[in-house]
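Trainee:
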Amino acid sequence: MSQPMPDRDHLQPDSWDIVDHPNGWDLRWRPPVTRLLPGLPVFYGRLPKSLVTSQAFWSWYYGVFVAVLAIELYIRYGIRSPYAVSPILALCVAMVRQYLFHDVALNAERLIVVRDGRLRIATGVFSDASLRSLRLIPDRARRGRRWLVFAGTSLAEAVLVGAPGLKVDTAQELLEELLTRIR
């Protein structure tokens, strides 16, 4: 059984939800809010829920991308300075842009789709029967966290839930739920 969510469109950090469909199901999970670099703030954790819902996320993401790119292009080509001010400002904006988008990518909700007996993840398409080999591994996860991996047909090990991993008890609940769905 999936964890109860007050708002099905927005997962809390370190949680998961399974949504059933007539021909399969979707697993949504969200990692804990994680710093990209120690000492730097987490941008994603400061966003209001209305901006990180699954419906609004991509429009917001690309809107910010276009705005930051416009600022960078203005700095690069719009400011006429005899000194190296505009290239340095453009470099600073580019660094901030990369930091923001990597921070969002690290902390965003993940989606795993199972339809018509096929499991679709970032590394490929697998038979949903391959989830019978699903297990928890602690070796690549942060301390106190677990990854969920399974034996793939073309890969020795395919990652279902990866970095930074889920809390041990949350990962165990998810493992049990997925194994009951596959049997």
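Residue numbers for the sequence shown follow our numbering, so the first one is 60 and each next one is one higher.
Glycine included, C-beta positions come from ideal geometry on N, C-alpha and C.
Fair warning: this is a prediction, and the values are worked out from it, not measured in the lab.
Please say whether Leu159 and Val125 have beta carbons closer to each other than 9 Å?
Mentor: Not in contact: Val125 and Leu159 (Cβ atoms no closer than 9 Å).
Trainee: When you measure from the CB of Asp175 to every non-hydrogen atom of the ligand NAD, does any distance come out below 8 Å?
Mentor: Only the bare structure without any ligand can be found here, which leaves the ligand NAD out of the picture.
Trainee: In angstroms, rounded to a whole number, what distance separates the CA positions of Arg242 and Asp187?
Mentor: C-alpha separation (whole angstroms): 10 Å.
Trainee: Pull up the distance between the alpha-carbon of Arg87 and that of His80, whole angstroms please.
Mentor: Spanning the two alpha carbons is a distance of roughly 13 Å.
Trainee: Run through DSSP, which three-state label would Gly122 get?
Mentor: If DSSP states are grouped into helix, strand and coil, Gly122 belongs with the helices.
Trainee: Are the Cβ atoms of Asp85 and Ile180 separated by less than 9 Å?
Mentor: Result no, Cβ atoms of Asp85 and Ile180 do not sit closer than 9 Å.
Trainee: One question on the structure: do Arg174 and Val220 come within less than 9 Å of each other, judged by their Cβ atoms?
Mentor: No, the pair does not count as a contact, with Cβ atoms beyond the cut-off.
Trainee: For a minimum of 4 consecutive residues, which ranges assigned as the alpha helix (DSSP H) are wholly contained in the segment 137-204?
Mentor: Within the segment 137-204, the complete alpha helix (DSSP H) runs of at least 4 residues are 144-166.
Trainee: Mapping DSSP to helix, strand and coil, what is Asp228?
Mentor: Helix, per DSSP.
Trainee: Identify which residue in Gln157, Tyr133, Arg156 has its Cα closest to the Cα of Pro146.
Mentor: Measuring from the Cα of Pro146, the nearest candidate turns out to be Tyr133.
Trainee: Between the alpha carbons of Pro63 and Val155, how many angstroms are there, rounded?
Mentor: Residue confidence for Pro63 is low, a pLDDT of 41 falling below 50, so the modelled location carries little weight and cannot support an answer.
Trainee: Contact check, Leu178 vs Arg205 under 8 Å by CB: the rounded distance?
Mentor: 19 Å between Cβ atoms; not a contact.
Trainee: May I have the straight-line CA-CA distance separating Arg191 from Trp117, to the nearest angstrom?
Mentor: Using only the alpha carbons, I get a separation of about 33 Å.
Trainee: Kindly list the residues whose CB is nearer than 7 Å to the CB of Gly203, restricted to its own chain and excluding five residues on each side of it in sequence; keep chain order.
Mentor: For Gly203, where only same-chain residues beyond five positions count, the Cβ hits under 7 Å are Lys226, Val227.
Trainee: With DSSP as the reference, label Leu106 as helix, strand or coil.
Mentor: Note: Leu106 maps to coil in three-state DSSP.
Trainee: Which of the three DSSP states is assigned to Val218 in this structure?
Mentor: The answer is strand: DSSP assigns Val218 an E or B state.
Trainee: With the cut-off set at 9 Å, would you say Pro97 and Asp73 are in Cβ contact?
Mentor: It is not a contact, given that the beta carbons lie outside the stated cut-off.
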